[in-house]
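> Just add 73 to the spot in the sequence shown (first one is 1) and you have the numbering used here.
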Amino acid sequence: MELRHLYHFVAVAETRHFGQAATRLHLAQPALSQSVRQLEAELGVTLLARTTRQVSLTPAGEFFYRETLRNLDSLEQSARGVRRIADGRYGLVRIGFTGTAAFDQLPPIARAIKQRLPGIALEIHGDLLTSAQVDGLRAEHLDVAVLRPPVAGDDLVLRTITTESLVLALPVDHRFSTEPALDVADLAYEDFVMYSDTHSVVNEAVVTSCRAAGFNPRREHEAPDTSVLLALVAAGLGVALVPESVRALQLNGVVFRDIAGASTIDLALAWRRDRPSALVDALVGALEDAGVLPRLESSVSSKPKDMS
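Next up, the structure:
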């Protein structure tokens with residue numbers, strides 16, 4: 074049974090006339106009649122009752138007509154879906170976010186994708202450290218990641234989303250909470266709360282800032298994520314330098330202050346260089362159109378730097 078036989082039968086069933094059906098299909102009437110006879114012969118049943126005046130459906134033909142319409146509609150939907158997948162307009166995208174990036178980047182990214190690519194479903198993996206996201210991309214557990222460079226190796230494409238300054242998080246009753254101006258050097262004798270991950274890009278930026286100010290930070294307490302880190306600050310166990318986006322996470326007992334001499338850190342969108350994907354290409358284009366991801370003058374992206 075060929076697909077053309079089904080379309081030919083449906084045309085005759087809908088028009089109840091071989092001549093009109095042949096005109097619709099741009100076929101000669103004898104060729105259409107032969108096609109329908111071939112279909113009936115293959116099925117072993119009569120689908121159409123023919124007289125010199127009219128064509129009607131037999132009971133078997135009525136059933137076959139309904140089932141054929143349903144199956145052709147399903148086939149056409151599948152074909153449309155395949156085309157949408159091929160051009161990146163349909164499918165599932167798994168996105169990883171660092172804990173701090175999710176605070177201010179997840180809403181605009183999700184909004185841009187919903188508005189411009191409504192056929193794409195998002196699977197969000199939040200509160201991941203950069204090292205875990207890199208592992209996820211390389212293991213193909215993630216399609217794209219919002220992470221903090223640098224990243225070792227050159228197998229990932231990185232596109233900078235934004236650059237953030239570090240800001241000071243301190244207990245609301247800390248003596249510095251009302252100071253009009255602060256410098257990293259003012260923190261030389263403070264206890265610090267830092268991330269427990271040894272490869273934390275934020276930790277490295279904190280250490281760099283402190284050393285540039287002439288001291289090493291006193292790392293008294295460690296936290297597995299930003300929420301716990303701020304909770305320890307609120308408890309008065311120390312101060313912390315965190316990305317500016319963390320201001321969006323309001324927590325009682327914590328105040329944020331700008332501080333001179335603090336390093337900046339980048340936030341980037343990353344994906345595998347060796348796995349071209351229409352979905353990822355469409356997502357990148359949507360984020361560029363929405364202004365979430367700055368456009369490049371060319372398609373060449375910067376090569377990631379080594380962390381070691």
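From the three backbone atoms N, C-alpha and C, an ideal C-beta is built for every residue, glycine too.
Cβ atoms of LEU310 and VAL327: under 8 Å apart, would you say?
Against a cut-off of 8 Å, the Cβ pair of LEU310 and VAL327 comes out as no contact.
> Is PHE91 helix, strand or coil by DSSP?
If DSSP states are grouped into helix, strand and coil, PHE91 belongs with the helices.
> Could you tell me the alpha carbon to alpha carbon distance between ARG167 and SER147, rounded to whole angstroms?
Cα-Cα distance, rounded: 27 Å.
> Shortest alpha-carbon distance to LEU342 belongs to which of VAL118, CYS283, ALA174, ARG291?
Ranking VAL118, CYS283, ALA174, ARG291 by Cα distance to LEU342 puts ALA174 first.
> Is it right to say SER129 is buried, meaning 16 or more other beta carbons lie within 10 angstroms of its own, or is it exposed?
The residue in question, SER129, is exposed, as its Cβ has fewer than 16 Cβ neighbours within 10 Å.
> Using the DSSP secondary-structure output, state which residues sit across from PRO244 in a beta bridge.
According to DSSP, PRO244 bridges with VAL327.
> From LEU314 to ARG211, what does the alpha carbon distance come to, in whole angstroms?
If I take the Cα positions, the gap works out to 30 Å.
> Is ASP354 closer than 8 Å to ARG189 when the C-beta atoms are compared?
No, they are not a contact pair.
> Give a yes or no on whether the C-beta atoms belonging to SER318 and PHE176 are separated by under 8 Å.
Yes, the pair counts as a contact, with Cβ atoms nearer than the cut-off.
> Short of 8 Å in beta carbon distance, which residues of its chain neighbour ILE182, apart from the five on each side in sequence? Order them along the chain.
Result list for ILE182: ILE168, VAL219, LEU360, VAL365, in chain order.
> Three or more C-beta pairs closer than 8 Å, one from the stretch 192-210 and one from the stretch 258-278: is that the case here?
The answer is yes - the stretch 258-278 touches the stretch 192-210, with three or more Cβ pairs under 8 Å.
> Count the other CB atoms within 10 Å of the CB of ASP227; is the residue buried (16 or more) or exposed (fewer)?
Result: exposed.
> From which residue to which residue does the alpha helix (DSSP H) around THR173 run?
Counting along the chain, the alpha helix (DSSP H) containing THR173 begins and ends at 172-177.
> Nearest by alpha-carbon distance to ILE197: which of ARG221, ASP208, PRO191, GLY172 is it?
Comparing Cα-Cα distances from ILE197 to each of ARG221, ASP208, PRO191, GLY172, the minimum goes to GLY172.
> What residue from PRO349, TYR268, ARG345 has the CA that sits closest to VAL312's CA?
Comparing Cα positions, the closest option is TYR268.
> Can you list, in chain order, the residues of its chain with a C-beta nearer than 7 Å to that of GLN127? Leave out the 5 residues immediately preceding and following it.
The residues are ARG89.
> If we count the other Cβ atoms within 10 Å of its Cβ and call it buried at 16 or more, is PRO349 buried or exposed?
Exposed is the call here.
> Restricting to Cα atoms, I'd like to know which of ALA351, GLY358, LEU369 is closest to TYR163.
Comparing Cα positions, the closest option is ALA351.
> Pick helix, strand or coil for ALA185, following the three-state DSSP scheme.
Looking at ALA185 - three-state DSSP - the assignment turns out to be helix.
> Exposed or buried, what is GLU213 when buried is set at 16 or more other beta-carbons lying within 10 Å of its beta-carbon?
When all chains shown are included, GLU213 counts as exposed.
> Are the beta-carbon atoms of ALA95 and ALA101 separated by less than 8 Å?
Going by C-beta atoms, ALA95 is nearer than 8 Å to ALA101.
> Using a Cβ-Cβ cutoff of less than 7 Å, which residues in the same chain neighbour ALA308 once the five nearest sequence positions on both sides are dropped?
Answer for ALA308: no residue qualifies.
> Of all the options GLY209, ALA242, ILE234, which has the alpha carbon lying nearest to the alpha carbon of ARG221?
Per the Cα distances, ILE234.
> Cα-Cα, which of VAL245, SER238, SER300, ARG292 is closest to ASP32?
Only positions 74 to 381 of the chain appear in the structure, and residue 32 is not among them; the question remains open.
> Please report how far the alpha carbon of VAL280 lies from the alpha carbon of THR251, in whole angstroms.
Taking the straight line joining both Cα atoms gives about 25 Å.
> Compare the beta carbon distance of LEU229 and TRP344 with 8 Å and say whether it is the shorter of the two.
Taking 8 Å as the Cβ cut-off, LEU229 and TRP344 qualify as a contacting pair.
> DSSP beta-bridge partners for MET267?
According to DSSP, MET267 bridges with GLU295.
> Within the continuous alpha helix (DSSP H) that includes THR337, where are the two ends?
Note, THR337: premise wrong, no alpha helix (DSSP H); beta strand (DSSP E) at 337-345.
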